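Chains as they are written, first to last, in the numbering used here: chain H, 14 to 126; chain Z, 295 to 407. Positions of the beta carbon are idealized from the N, C-alpha and C atoms, including for glycine. Note that this is a predicted model, so its numbers are computed, not measured. Below you'll find the structure, written out as structure tokens, and then a few comments.
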Amino acid sequence: DGGITQSPKYLFRKEGQNVTLSCEQNLNHDAMYWYRQDPGQGLRLIYYSQIVNDFQKGDIAEGYSVSREKKESFPLTVTSAQKNPTAFYLCASWDRGSNQPQHFGDGTRLSIL
Amino acid sequence: GNSVTQMEGPVTLSEEAFLTINCTYTATGYPSLFWYVQYPGEGLQLLLKATKADDKGSNKGFEATYRKETTSFHLEKGSVQVSDSAVYFCALNYGGSQGNLIFGKGTKLSVKP
Chain H
14 DGGITQSPKY LFRKEGQNVT LSCEQNLNHD AMYWYRQDPG QGLRLIYYSQ IVNDFQKGDI
74 AEGYSVSREK KESFPLTVTS AQKNPTAFYL CASWDRGSNQ PQHFGDGTRL SIL
Chain Z
295 GNSVTQMEGP VTLSEEAFLT INCTYTATGY PSLFWYVQYP GEGLQLLLKA TKADDKGSNK
355 GFEATYRKET TSFHLEKGSV QVSDSAVYFC ALNYGGSQGN LIFGKGTKLS VKP
């Protein structure tokens with residue numbers, strides 16, 4: 014079955030370290046997104062990419078970086094500059110040619126040790 | 295700008311009770327409207343959608359009608375079950391080439407036996 018795989022499901026980081034969250038999709042979708050979810054705040058857009066080798070900042074990009082070297086993959090790096098990284102991170106993809114909305118992965122929960 | 299406002303939770307109901315979760319939106323033009331559901335520890339799943347005024351989306355006993363005159367998309371279910379306990383997100387996608395979703399803050403539903 015086609016879908017989005019986020020790994021790992023749980024991730025722990027020491028202060029001062031960078032950490033990379035994986036997002037892979039086999040839906041052949043062009044667009045991919047990263048969201049951050051905090052309790053009571055809904056979803057906030059971090060970065061998105063409409064096409065390979067191109068990406069744009071979302072509403073809360075500071076302290077994060079992304080790459081889009083392959084259509085299937087959109088990894089998110091949480092850098093040491095992100096002062097409050099503890100959150101649930103969701104990756105999504107979207108078929109620009111369809112009438113369907115974004116499809117989500119199961120998320121990665123990041124915690125600071 | 296575009297925005298989505300949901301009723302604040304949490305909402306606690308007994309099994310077989312009637313559910314309404316209010317959602318109103320602000321948008322220019324004619325957005326598509328969605329309800330997503332998030333079960334504990336998981337990503338978001340599309341529950342239902344409506345793409346134009348007066349459309350009714352329905353799935354798994356849930357319904358929502360796109361009301362342009364009141365800019366609303368309230369979620370209803372006639373008889374909730376314990377398994378419906380989750381967080382529900384209202385969202386809109388205002389077309390264009392980016393396909394970004396604007397989410398409400400989510401409403402947590404707990405259904406007691």
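1) Tell me the DSSP bridge mates of residue 339 of chain Z?
2) Cα separation between residue 391 of chain Z and residue 109 of chain H?
3) Return yes when the Cβ of residue 365 of chain Z is within less than 9 Å of the Cβ of residue 314 of chain Z, no when it is not.
4) Pick out whichever of H:118, H:34, H:62, H:18 has its Cα sitting closest to the Cα of residue 98 of chain H.
5) Verify the CB distance criterion: does residue 119 of chain H have a CB-CB separation below 9 Å to chain Z?
6) Residue 379 of chain Z to residue 334 of chain Z, Cα distance in whole Å?
7) Quick test of your reading: residue 123 of chain H and residue 105 of chain H, contact by CB under 8 Å. State the CB separation rounded to the nearest angstrom.
8) Report all residues from its chain with a CB closer than 8 Å to the CB of residue 304 of chain Z; omit the five preceding and five following residues, and keep chain order.
9) Looking at chain H, is there any beta carbon in it that lies within less than 9 Å of the beta carbon of residue 403 of chain Z?
10) Do residue 387 of chain Z and residue 50 of chain H have their beta-carbon atoms positioned less than 9 Å apart in this structure?
11) Name the chain H residues that come within less than 9 Å of residue 383 of chain Z, Cβ to Cβ?
12) For residue 324 of chain Z, would you say it is in contact with chain H, using Cβ-to-Cβ distances shorter than 9 Å as the test?
13) Which class does residue 376 of chain Z belong to by DSSP, given the choice of helix, strand or coil?
14) Span of the beta strand (DSSP E) holding residue 405 of chain Z?
15) Would you check if the distance between the CB atom of residue 59 of chain H and the CB atom of residue 32 of chain H is smaller than 9 Å?
16) If you compare alpha carbons, which of Z:328, Z:363, Z:306, Z:406 is closest to residue 357 of chain Z?
17) If we cut at 9 Å on Cβ distances, does residue 61 of chain H have a partner in chain Z?
18) In terms of residue numbering, what span does the beta strand (DSSP E) encompassing residue 59 of chain H cover?
19) From the DSSP output, in three-state form, read off residue 391 of chain Z for me.
20) So that I know if they touch, is there some Cβ in chain Z lying closer than 9 Å to that of residue 114 of chain H?
By the coordinates alone:
1) DSSP output for residue 339 of chain Z lists Z:331 as bridge partner(s).
2) Residue confidence for residue 391 of chain Z is low, a pLDDT of 41 falling below 50, so the modelled location carries little weight; the figure read from the coordinates is stated next. When rounded, the separation of the alpha-carbon atoms in residue 391 of chain Z and residue 109 of chain H is 8 Å.
3) Annotated as distal: residue 314 of chain Z and residue 365 of chain Z, with beta-carbon spacing of 9 Å or more.
4) Taking only the C-alpha atoms, the option nearest residue 98 of chain H is H:34.
5) With 9 Å as the cut-off, residue 119 of chain H counts as an interface residue toward chain Z.
6) Looking at the two C-alpha atoms, the distance is approximately 9 Å.
7) Wrong, their Cβ atoms sit about 17 Å apart, outside the cutoff.
8) So the qualifying residues of the chain are 401, 402, 403, 404.
9) No, its Cβ sits nowhere closer than 9 Å to a Cβ of chain H.
10) Contact flag unset, no.
11) Contact note: residue 383 of chain Z reaches chain H through 55, 56, using a C-beta cutoff of 9 Å and chain order.
12) So no, residue 324 of chain Z is outside the interface.
13) It is helical.
14) Unbroken beta strand (DSSP E) run through residue 405 of chain Z: 401-406.
15) No, the Cβ-Cβ distance between residue 59 of chain H and residue 32 of chain H is not below 9 Å.
16) Nearest option by C-alpha distance: Z:328.
17) Output row for residue 61 of chain H: interface = yes.
18) Residues 56-64.
19) For residue 391 of chain Z, the predicted model reports a pLDDT of 41, less than 50, meaning its position is unreliable and no value from the coordinates is stated.
20) At least one chain Z Cβ lies under 9 Å of residue 114 of chain H.
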